[in-house]
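Going by my numbering, the first residue of the sequence shown is number 126, and it counts up by one from there.
A virtual CB, placed ideally from N, CA and C, is assigned to each residue, including glycine.
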Amino acid sequence: MIQIREACEYDAKRFAKMQLQIDSETDYMLYGAGEREITSKDARKRIEYFADLPYSLILVAEDTETEVLMGFLIADGNPPNRMQHSVYIAVGVLKEYWGRGVATRLFTHMETWAKARGVVHRLELGVLCENTKALRLYQNLGYEIEGTHRDSFMIGADYYDTYWMSKLI
Ligand SMILES: CC(C)(COP(=O)(O)OP(=O)(O)OC[C@H]1O[C@@H](n2cnc3c(N)ncnc32)[C@H](O)[C@@H]1OP(=O)(O)O)[C@@H](O)C(=O)NCCC(=O)NCCS
126 MIQIREACEY
136 DAKRFAKMQL
146 QIDSETDYML
156 YGAGEREITS
166 KDARKRIEYF
176 ADLPYSLILV
186 AEDTETEVLM
196 GFLIADGNPP
206 NRMQHSVYIA
216 VGVLKEYWGR
226 GVATRLFTHM
236 ETWAKARGVV
246 HRLELGVLCE
256 NTKALRLYQN
266 LGYEIEGTHR
276 DSFMIGADYY
286 DTYWMSKLI
């Protein structure tokens, strides 16, 4: 069974492993394969930091039978009053689990959290224009393209455009 829940300290080691594996399985995340190290300590610090912030959230998707963490969603809010309505989203799922509704469930859970907070009005994210799978997912979830960031990614020697997308709730 897949469970979507907030990340806790106990997840640190598996969370680090999952993030590094996702980096290595796709060109569509911020970091490339092997580019960064994340220790369990780093992951624990980040999880604890986010757990203390009322305006931000780290969700994980866990297979409760195998205890594998298969995906995550980070919702990163803002402390200033003038930006507290806006939350930036990042998401990733292990390749083995793509197409099973994991990301959709992470987004649904995050939106419930965002609505419960009361102040959140704007959910935003960036996506490489050629990442059609993610783009379709976001459009299906109600996110709209606001504009293009030209050459905002550099993979190897090539530049790539990204779409900036948002959903108003
Ligand atoms: C993009 C990404 C997050 C999508 O995650 P996912 O868990 O595969 O997404 P979902 O399964 O919720 O939705 C994807 C597809 O599965 C379908 N789906 C949803 N629930 C399903 C289910 N229960 N069973 C089968 N298929 C399902 C969706 O309809 C969707 O189909 P479509 O692509 O034909 O429109 C994932 O592919 C990924 O991590 N990619 C690499 C990193 C990345 O691109 N991150 C985003 C950076 S902006």
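Per DSSP, the bridge partner or partners of residue i
i, result
"V212", "L248"
"D136", "Answer is none; D136 lacks a bridge partner."
"G196", "A186 and V218"
"G202", "According to DSSP, G202 bridges with nothing at all."
"M290", "L250 and I270"
"D283", "I280"
"Q128", "E187"
Same chain, Cβ closer than 6 Å to residue i, five either side skipped, listed in chain order
i, result
"E187", "Q128 and L194"
"F232", "L266"
"R261", "none"
"E150", "K220"
"Y284", "D276"
Cβ-based neighbour list, residue i, same chain, cut-off 8 Å, excluding 5 preceding and 5 following
i, result
"E221", "M195"
"T273", "C254, D286, T287, Y288 and W289"
"D148", "M154, Y156, G157, A158, G159, E160 and R161"
"K258", "W223"
Anticipated Cβ contact below 8 Å, residue i with residue j, distance rounded
i, j, result
"V185", "R130", "6 Å"
"R169", "A137", "4 Å"
"M290", "Y268", "4 Å"
"Y180", "P204", "7 Å"
"N256", "Y153", "5 Å"
"A132", "I172", "5 Å"
Own chain partners of residue i with C-beta closer than 7 Å, once the 5 adjacent residues on each side are dropped
i, result
"I163", "A141, Q144 and L145"
"L293", "H246 and R247"
"R310", "With the chain covering only 126 through 294, there is no way to say anything about residue 310."
"V252", "A259, L260, Y263, T287, Y288 and M290"
Could you tell me whether the segment 242-249 touches the segment 205-214, using the rule of 3 or more Cβ pairs below 8 Å? yes
Quick check: the segment 196-204 against the segment 226-233, are at least 3 beta-carbon pairs closer than 8 Å? yes
Where are the beta strand (DSSP E) runs, 3 residues long or more, that stay fully inside the segment 143-192, in chain order? 182-188
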